[in-house]
Structure formats: C-alpha cells, structure tokens
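Enquirer: In my numbering, the protein residues as written are 85 to 372.
The beta carbon of each residue, even a glycine, is placed where N, CA and C say it ideally should be.
The model shown is predicted, which means the values in this text are computed figures rather than measured ones.
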Amino acid sequence: MSAHDHPVRSFAGALDTAIAAHGLTLDRLRRHLADHGVAVSNATLSYWRRGLRQPENERSRRAVAVLEQVLDLPPATLTSRIGPPRPRGRWVDRAEQMPIGDLIAQLATPGEGRRSLVSVHDVYTVTEHGTERGVRTRIVLRGLGGRVTRYVVGYQSDHPGIVPVLADVDYASVGRVLTDPGAGYLVAELVLDRPIRGGEYAVLEYEIGGHATPPIAHYFRNLRRPVSEYTQLIRFEGRPPAFCTSYWQANASAPVHAVKSVRMGKSRDVCFVVRDGRVGIIGTDWRW
85 MSAHDHPVRS FAGALDTAIA AHGLTLDRLR RHLADHGVAV SNATLSYWRR GLRQPENERS
145 RRAVAVLEQV LDLPPATLTS RIGPPRPRGR WVDRAEQMPI GDLIAQLATP GEGRRSLVSV
205 HDVYTVTEHG TERGVRTRIV LRGLGGRVTR YVVGYQSDHP GIVPVLADVD YASVGRVLTD
265 PGAGYLVAEL VLDRPIRGGE YAVLEYEIGG HATPPIAHYF RNLRRPVSEY TQLIRFEGRP
325 PAFCTSYWQA NASAPVHAVK SVRMGKSRDV CFVVRDGRVG IIGTDWRW
C-alpha cells in the first residue's frame, strides 16, 4: 500500500475517520450541511466515504469545504486530500464501483446469456425503533439472447463493518456469496429455478436484512442499467416520520434533482415510482 493509498491519508479515509469521531450518521451530517445551505444527498456522502466517488466539480468541492467546518477540521484537511480528476469513459463505470466491482467481477460467468430488467420493486422496512429491518426486492427479467441462468445482486451497508445478510430467496437458489466486511458489501449469485432464453421472462425475489444498524433516515438504489419500471416503497412499523422526500441523481457527483414531498399512506408507507427507464440514484429521505 502506497502512502497515497493509506486509508487515513486518503480523502475517503480522512472523511470516514472524522465522521466516526463525531458519532454522526450520514442523515445527521446531511442535515448539518443543509443548515449551511449545502445540498448533498446521502448517496453522495456514502460514496465519498467509501472512495467510490470523489468530489471533482466546483460545487462538490465547496461542499467539502463546508464539511470541514461541520466536522471541526482545520481548513484543507479534506480538500487537500482530493485526488486529481479521474479519467472519463465507458470503462470508468466499473472502476468506480470498487471494491464492490471486484466482488461482482469474481462472479462473472463466461457464456451467460443476455437479459434486460423489466421491473424492480423494493420494499424497505424501518422498525419501530427507526432502524433498518431490511429490504425485499422483486425483479422481473426478460431474456434477450442465449441462455440466462442467474442474476447477481449487490447491497451496500451505510456502516463499514456491518455485513448485510441475504435472508430469503424465492424462485431462485443461492449460488456463490461474497462479502467485504470492512466496507459493508454483499454480492450474491441467484441461480434461476428456470433458465430463460430470448423473449422469455423470469421472476425472482430476495430479502436482505438481519443486520443491526443505528437509526436510519434514508434509502436509495443506484440503477446502473435502464429498467422499464422501478418502485421504491418505504414501510414504517412504528410511528411515521414527520415528512418524506424523494429525489434523483444522475450519479453521486451530480446535483440532486426532482426533490419532492411524498405523501404517507394509512398503512404508514410511502411509494415512489419511476417509469421512464432512467439510470442513476433514486432515493427517499425522511425526518422524524
């Protein structure tokens, strides 16, 4: 490991250390930034903290300067650790997913058929204590060519050291499972009960949970491939939050768009549906 890559000397390492020292959740940190007039999503903070993205444009660098104030750091503690702009191009998409991209690459299967995502439906449950119960996901796949036998899923915990758990799977069986405990990543191979070919469809469901977390006030999914319909439903087992908002970002370095209030249903749930095939980060925030 070079000095540049030392976890504390890097931007991500210094940010993670400062957040942990103050005992702040990403939600509280985001609210502190908002109080200073800086809008940064939980997704962006999470990616910065793990080194999956770095603040490169002027807007992001201004946000980092405010982070130094919020975290009581000397000026330039974080800004001086931001590396040079990363190369642009199609290959960068996979590189910026590291280390989860390394885990996904290990599950690659040569000769696997092609498929598209018809729909993704997330149901994220928050306990009466405001902590994460887990997320149950239903996915509909359509074969495009060849023989499709599996689907790889990934999940990222907000808290390094807390490893997500694949708790339940329907209409598929669990194949290889890889984790990165330090980064809080889980990648799992789901083998379809019935392989599909071009024009055929398959449904699979899985649940990730069973891991204790501090109270949380957000959920997001990063859609890297177009999907005809994406549904994000947040369920609250206890008292509902005071209000909820939904948002979209093209990526973790992009501005937050389409921020709007989401109404609560009688069953203490909020729902956000995207049907335009967009890619990027789609999330819901709430405040008690």
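Taking the alpha helix (DSSP H) that T233 belongs to, which residues open and close that run?
Expert: Residue 233 sits at position 149 when you count from the first residue of the sequence shown. Premise fails: T233 lies in the beta strand (DSSP E), 232–240, not in any alpha helix (DSSP H).
Enquirer: Are I292 and V219 closer than 7 Å when you measure CB to CB?
Expert: The sequence position of residue 292 within the sequence shown is 208, counting from 1. The sequence position of residue 219 within the sequence shown is 135, counting from 1. Cβ distance < 7 Å, so I292 and V219 count as in contact.
Enquirer: Looking only at C-alpha atoms, which of Y255, N141, L129, R231 sits nearest to Y389?
Expert: Limits of the chain in this structure are 85 at one end and 372 at the other, which puts residue 389 out of reach.
Enquirer: Taking the CB atoms as reference points, tell me whether G197 and V232 lie closer together than 7 Å.
Expert: Along the sequence shown, one-based indexing puts residue 197 at 113. Along the sequence shown, one-based indexing puts residue 232 at 148. Yes, they are a contact pair.
Enquirer: Based on the DSSP output, what are the partners of Y269 in its beta bridges?
Expert: Counted from its first residue, the sequence shown places residue 269 at position 185. Y269 pairs with Q240, D264.
Enquirer: Quick one: does the C-beta of H213 sit closer than 6 Å to a heavy atom of the ligand FAD?
Expert: Here there are no bound small molecules, and the ligand FAD is not part of this structure.
Enquirer: Where C355 and Q316 are concerned, what is the direct C-alpha to C-alpha distance, given to the nearest angstrom?
Expert: On the sequence shown, position 271 is the one that residue 355 refers to. On the sequence shown, position 232 is the one that residue 316 refers to. C-alpha separation (whole angstroms): 6 Å.
Enquirer: Confirm, please, whether the CB-CB distance from R278 to A326 is below 7 Å.
Expert: Taking the first residue of the sequence shown as 1, we reach residue 326 at position 242. Taking the first residue of the sequence shown as 1, we reach residue 278 at position 194. No, the Cβ-Cβ distance between A326 and R278 is not below 7 Å.
Enquirer: For L229, is the classification buried or exposed, using 16 other Cβ atoms within 10 angstroms of its Cβ as the cut-off for buried?
Expert: Position 145 of the sequence shown, counting from 1, holds the residue named residue 229. Reading off the sequence shown, one finds Gly at residue 229, where the question assumed Leu. Burial call: exposed.
Enquirer: Below 6 Å CB to CB, which residues in the same chain sit around V247 once its five sequence neighbours on both sides are set aside?
Expert: Your numbering for residue 247 matches position 163 in the sequence shown. Cβ neighbours of V247 beyond the five flanking positions: T263, P265.
Enquirer: Taking S379 as the reference, give the member of H341, L225, F320 with the closest Cα.
Expert: Since the first residue of the chain shown is 85 and the last is 372, residue 379 is not available in this structure.
Enquirer: Return the chain-ordered list of same chain residues with a C-beta closer than 7 Å to the C-beta of A98, the five sequence neighbours on each side being excluded.
Expert: Within the sequence shown, residue 98 is the residue found at index 14, counting from 1. Excluding positions up to five away in sequence, the list reads V92, T161, L162, R165.
Enquirer: Report yes if the C-beta distance between A256 and V236 is below 7 Å; otherwise report no.
Expert: Numbered from 1 along the sequence shown, position 172 holds the residue referred to as residue 256. Numbered from 1 along the sequence shown, position 152 holds the residue referred to as residue 236. No. Outside cutoff.
Enquirer: Is it right to say S351 is buried, meaning 16 or more other beta carbons lie within 10 angstroms of its own, or is it exposed?
Expert: Here residue 351 refers to the residue found at position 267 of the sequence shown. That one is exposed.
Enquirer: Within a Cβ cutoff of 7 Å, which residues of the same chain sit near P158, ignoring the five residues on either side of it in sequence?
Expert: As a first step, residue 158 must be located in the sequence shown, where it is residue number 74. None.
Enquirer: Just the C-alpha distance for W175 and R143, rounded to the nearest angstrom, thanks.
Expert: One-based indexing of the sequence shown puts residue 175 at position 91. One-based indexing of the sequence shown puts residue 143 at position 59. With a pLDDT of only 29 at W175, under 50, the local geometry of the prediction cannot be trusted, and the value read off the model is given with reservation. The straight-line gap from Cα to Cα measures roughly 25 Å.
Enquirer: How would you call S345, buried or exposed, if buried means at least 16 neighbouring beta carbons within 10 angstroms?
Expert: As a first step, residue 345 is located in the sequence shown; it is residue number 261 there, counting from the start. Per the 10 Å Cβ criterion, exposed.
Enquirer: Is the beta carbon of R309 closer than 7 Å to that of L187?
Expert: By one-based count along the sequence shown, residue 187 stands at place 103. By one-based count along the sequence shown, residue 309 stands at place 225. Cβ atoms of L187 and R309: not closer than 7 Å.
Enquirer: Whose C-beta lies closer than 6 Å to the C-beta of T215 among residues of the same chain, with five residues either side of it excluded?
Expert: Residue 215 sits at position 131 when you count from the first residue of the sequence shown. Same-chain partners within the cutoff: T297, P299.
Enquirer: Straight-line CA distance for G121 to R115?
Expert: Within the sequence shown, numbered from 1, the residue matching residue 121 stands at position 37. Within the sequence shown, numbered from 1, the residue matching residue 115 stands at position 31. The alpha-carbon atoms of G121 and R115 are separated by roughly 10 Å.
Enquirer: For R319, I'd like the list of residues in its chain whose CB is within less than 6 Å of its CB, leaving aside the five on either flank, ordered along the chain.
Expert: Locating residue 319 in the sequence shown gives position 235, where the first residue counts as 1. Excluding residues within five positions, the ones whose Cβ falls inside 6 Å are T209, D353.
Enquirer: CB-CB under 6 Å to A147, same chain, minus the five flanking residues each way: which ones, in chain order?
Expert: Numbered from its first residue, the sequence shown carries residue 147 at position 63. Result list for A147: V122, V124, in chain order.
Enquirer: Just reading off the beta strand (DSSP E) that R217 is part of, what are its end residues?
Expert: Taking the sequence shown and counting its residues from 1, one reaches residue 217 at position 133. 216–229 is the extent of the beta strand (DSSP E) around R217.
Enquirer: Using beta-carbon positions only, say whether V311 and V204 come within less than 7 Å of one another.
Expert: In the sequence shown, residue 311 corresponds to position 227, counting from 1. In the sequence shown, residue 204 corresponds to position 120, counting from 1. Yes.
Enquirer: Less than 8 Å between the CB atoms is what I'm expecting for L288 and I223, so what's the real figure, rounded?
Expert: Translated into positions along the sequence shown, residue 288 becomes position 204. Translated into positions along the sequence shown, residue 223 becomes position 139. Contact flag correct, Cβ pair sits at about 5 Å.
Enquirer: Does the Cβ of P339 have 16 or more other Cβ atoms within 10 Å, making it buried, or fewer, making it exposed?
Expert: Numbered from 1 along the sequence shown, position 255 holds the residue referred to as residue 339. Classification for P339: exposed.
Enquirer: Just the C-alpha distance for W77 and E284, rounded to the nearest angstrom, thanks.
Expert: Here the chain has residues from 85 to 372 only, and residue 77 is not among them.
Enquirer: Tell me whether R349 sits in a helix, a strand or coil according to DSSP, three-state version.
Expert: Against the sequence shown, residue 349 aligns to sequence position 265. Note that residue 349 corresponds to Gly in the displayed sequence, not to Arg. Looking at G349 - three-state DSSP - the assignment turns out to be coil, as it is neither helix nor strand.
Enquirer: Roughly how many angstroms lie between the CA atoms of D111 and A336, to the nearest whole one?
Expert: In the sequence shown, the residue the question calls residue 111 occupies position 27. In the sequence shown, the residue the question calls residue 336 occupies position 252. Cα-Cα distance, rounded: 16 Å.
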